[in-house]
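The structure under discussion appears below in the form of structure tokens.
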Amino acid sequence: MSHAEAKPERTRARLYPQSPVAGTARLETVELAPRRGMVRAGPEDDRMYVAVAPGKRPYGEDRGRGAFPPYEGLIGPAVAPGPDGHFDHLGPGDPGFRQVHLYGCARMALDIWEGYLDRRIPWHFERDFDKLEVLALSAWNNAHMGYGYLEAGECPLEDGTTADYALDFDVLAHEVGHAIMMSFAGEVPAQAQTAEYGAFHEASADWAALVASMHFEQAVADLLEMTRGDLDGFNQLTRFGELSPKAQIRQANNTFTMWDFQAGWHDEHELALPIIAALYDAFVQIYKTILVRGGVIPPGLSRLAERAELAPGLRAEVSRRFARWYARRPEAFHDALVEAREIAAVMLIGLWEIADPRRFSFAALPGLLREVDRREFDGAIYPVVRGCFGRRGVGLVPPGPRLRPPDASSHMHSARTAMPD
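Per the UniProt record's numbering, the sequence shown runs over residues 1 to 421.
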């Protein structure tokens with residue numbers, strides 16, 4: 001490559017694709033969009049700045065002056081890049097690694113979705129704040145995105161240790177996903193948005209994180225090696241917000257359907273579960289269709305995998321057959337996964353662009369999917385995934401009433417959507 005063609009060197013950092021408490025995560029060096037030398041001590045760049053604020057209460061618990069950035073209390077020292085302008089010299093146990101990891105996750109998630117859109121994504125709070133304030137807190141079991149801020153705390157575990165949300169890419173990319181959705185929603189206030197749009201918001205944020213997580217190259221390779229290409233079962237891709245080697249906040253391939261919520265629901269996180277699962281079912285169906293189309297697996301194996309969804313006793317045989325075919329062409333399974341990831345990203349963006357927060361309903365979701373499919377893929381995708389949504393009752397069974405008022409956990413009706421006067 002000539003000097004004229006050389007691309008500017010991007011800033012490097014080391015990130016966990018999954019929370020380290022998952023037991024399988026390995027640090028991976030990633031490149032972030034800002035050019036080397038453009039990320040200042042903090043870390044801070046043109047879109048966000050990061051600090052550790054161990055004594056801070058989360059935004060939303062205070063009103064008035066302390067309800068919005070900038071935080072004016074005590075913070076830890078800023079972390080400077082190494083002499084080469086990168087942050088990949090820092091690892092677990094090093095002072096400053098926590099805030100560098102927090103920065104790297106938030107920035108990588110933003111970079112990925114700006115890459116898909118081929119444009120800058122404006123923050124929904126740019127009327128009042130130029131940059132996102134990203135804070136690492138202590139003694140607070142949550143993470144949230146609000147008006148001008150992202151805060152990440154720690155979850156206490158039974159063994160006396162903690163699951164640090166600042167080290168959990170899933171959680172942080174989910175919160176950035178909320179910010180992206182808020183950017184698409186524009187000036188529609190949370191109170192004017194439908195309850196089902198709130199659940200769609202949660203499902204979309206999970207899927208923004210899931211798609212972004214598949215940009216960790218080594219993690220994708222590890223996923224395929226561990227599953228031998230069979231993504232229908234429980235695996236590291238289906239786990240969201242790991243709290244131990246076996247426990248997590250949510251599971252993408254959960255068993256919930258809309259029939260579970262006919263009598264009512266409590267918050268948008270639980271109402272989102274059938275959508276999250278239907279999207280995962282659809283993603284895996286697209287992946288298997290690509291494998292069959294390329295002659296990587298026989299059509300009979302894909303059909304057997306579908307039968308196993310209703311007859312779990314067939315799962316072991318499905319896994320054995322996948323392992324046999326994976327051993328022949330592992331690189332083709334990788335290529336199919338990446339292609340399915342790209343299709344999922346395009347479909348998600350299409351939904352975000354046309355979903356009306358004031359009128360959105362689950363009943364309308366299949367029609368919205370068809371519209372995006374016609375526009376982006378000439379109608380090739382929806383026939384493949386239609387059954388995935390039908391089996392979950394999405395578009396067929398409306399949810400019952402909300403059974404309790406929104407509380408502090410709600411993204412749509414809490415301090416998270418509050419704005420300065």
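Note that CB positions come from ideal geometry on N, CA and C, so glycine has one too.
From a predicted model like this one, the values you see are computed outputs, not experimental measurements.
Proximal residues to residue i (C-beta, below 8 Å), its chain only, five neighbours per side dropped
i: R10; result: E31, L32, A33, P34, R35, R36
i: P58; result: L137, W140, N142, H144, E151, G153
i: A53; result: Y71, G73, L74, I75, G76, L135, A136, L137
i: T24; result: Q18, D222, M226, Q236, P245
i: A4; result: In this prediction, A4 scores a pLDDT of 49, lower than 50, which makes its location untrustworthy; the coordinate-derived value is nonetheless stated afterwards. Taken in chain order, the list of residues that qualify is empty.
i: residue 461; result: Because the chain in this structure spans residues 1 to 421, residue 461 falls outside the shown range and cannot be described.
i: V211; result: I112, R341, A344, A345, L348
Unbroken alpha helix (DSSP H) run spanning residue i, endpoints
i: Y103; result: 97-117
i: I354; result: 330-354
i: F389; result: 382-391
i: Y280; result: 273-293
i: F261; result: Per DSSP, F261 belongs to no alpha helix (DSSP H) and is neither H nor E.
i: V397; result: Careful: V397 lies outside any alpha helix (DSSP H) and carries neither H nor E.
i: G177; result: 169-185
i: L237; result: Per DSSP, L237 belongs to no alpha helix (DSSP H) and is neither H nor E.
Among the options, the one whose alpha carbon lies nearest that of residue i
i: R375; options: L348, G390, F360, N141; result: L348
i: D130; options: M48, F360, L396; result: M48
i: V171; options: R392, D94, P20; result: P20
i: R98; options: R120, R329, Y16, L351; result: Y16
i: A363; options: Y382, A13, G390, V372; result: G390
i: G233; options: N254, P245, R250, F216; result: N254
i: H215; options: A345, F256, F184, G229; result: A345
i: R228; options: A316, F68, E126, G400; result: A316
i: A195; options: D164, F360, W123; result: F360
i: D168; options: R321, A22, S319; result: A22
i: R26; options: G91, A78, V39; result: G91
i: D84; options: R40, A327, F261; result: R40
i: G42; options: F68, E28, A67, P81; result: P81
i: V79; options: A355, A247, L102; result: L102
i: H201; options: S213, G96, S183; result: S183
i: A209; options: R307, D378, A247, I180; result: I180
i: F322; options: P298, R402, A13, G264; result: P298
i: C388; options: V372, F256, L117; result: F256
i: A355; options: Q193, P69, Y149, G148; result: Q193
i: E28; options: S213, D46, D260, Y149; result: S213
i: Y326; options: G300, L224, L310, G264; result: L224
i: H86; options: A199, R370, E371, E44; result: E44
i: Y165; options: G66, A311, L301, Q248; result: Q248
i: R127; options: Y382, S319, G148, A305; result: G148
Nonlocal neighbours in the same chain, by C-beta distance under 6 Å from residue i, ignoring five residues either side
i: R404; result: H266
i: I343; result: I286
i: A252; result: T238, I276, Y280
7 Å CB neighbourhood of residue i in its chain, flanking five on each side removed
i: S2; result: Unreliable placement is indicated for S2, whose pLDDT of 45 sits below 50; no coordinate value is reported for it.
i: A332; result: G294, V296
i: Y287; result: L231, A336, L337, A340
i: V384; result: Q285, I286, T289
i: A203; result: A272, I275, I276, L279
i: P8; result: R35
i: E114; result: R120, I121
i: F283; result: A340, A344
i: Y382; result: L369, R370, D373
Contact belief for residue i with residue j at Cβ below 8 Å, rounded distance in angstroms
i: V50; j: V134; result: 4 Å
i: W197; j: P357; result: Reading the sequence as shown, one finds Tyr at residue 197 and not Trp. Rounded, the Cβ-Cβ distance is 5 Å, consistent with contact.
i: G146; j: G55; result: Going by Cβ atoms, the distance from G146 to G55 rounds to 19 Å, so no, they are not a contact pair.
i: D206; j: R250; result: 7 Å
i: L368; j: L396; result: With 8 Å as the limit, L368 and L396 do not qualify as a contact, their Cβ atoms being about 15 Å apart.
i: P399; j: M258; result: 7 Å
i: V100; j: A13; result: 6 Å
i: L301; j: A308; result: Actually they are not in contact, since the Cβ atoms of L301 and A308 sit about 10 Å apart, beyond 8 Å.
Element boundaries [beta strand (DSSP E), containing residue i]
i: A29; result: According to the sequence displayed, residue 29 carries Thr and not Ala. T29 -> beta strand (DSSP E) spans 28-35.
i: H215; result: Here H215 belongs to no beta strand (DSSP E), and DSSP marks it neither H nor E.
i: H144; result: 143-145
i: M38; result: Run containing M38: none; DSSP gives neither H nor E here.
i: residue 440; result: In the structure as shown, the chain begins at 1 and stops at 421. Residue 440 is therefore absent and cannot be evaluated.
i: A13; result: 10-15
i: A80; result: Element bounds for A80: n/a, residue is neither H nor E.
i: R375; result: No beta strand (DSSP E) holds R375; the alpha helix (DSSP H) holding it covers 365-377.
i: E133; result: 132-136
i: R250; result: 248-251
Residue-level contact to chain B via CB, residue i, 9 Å cutoff
i: M145; result: The displayed structure is made up of one protein chain only, and chain B is not part of it.
Inset, instruction - Taking 8 Å as the threshold, find out whether the segment 220-229 comes into contact with the segment 334-343 through three or more Cβ pairs. - result: Segments in contact, yes.
Legend entry - Inter-stretch contact (C-beta, 8 Å, three-pair minimum) for the segment 103-110 and the segment 169-184: Result yes; three or more Cβ-Cβ pairs closer than 8 Å.
Legend entry - Segment contact flag, the segment 236-244 with the segment 258-275, C-beta cutoff 8 Å, min 3 pairs: Flag = no, the segment 236-244 and the segment 258-275 do not touch.
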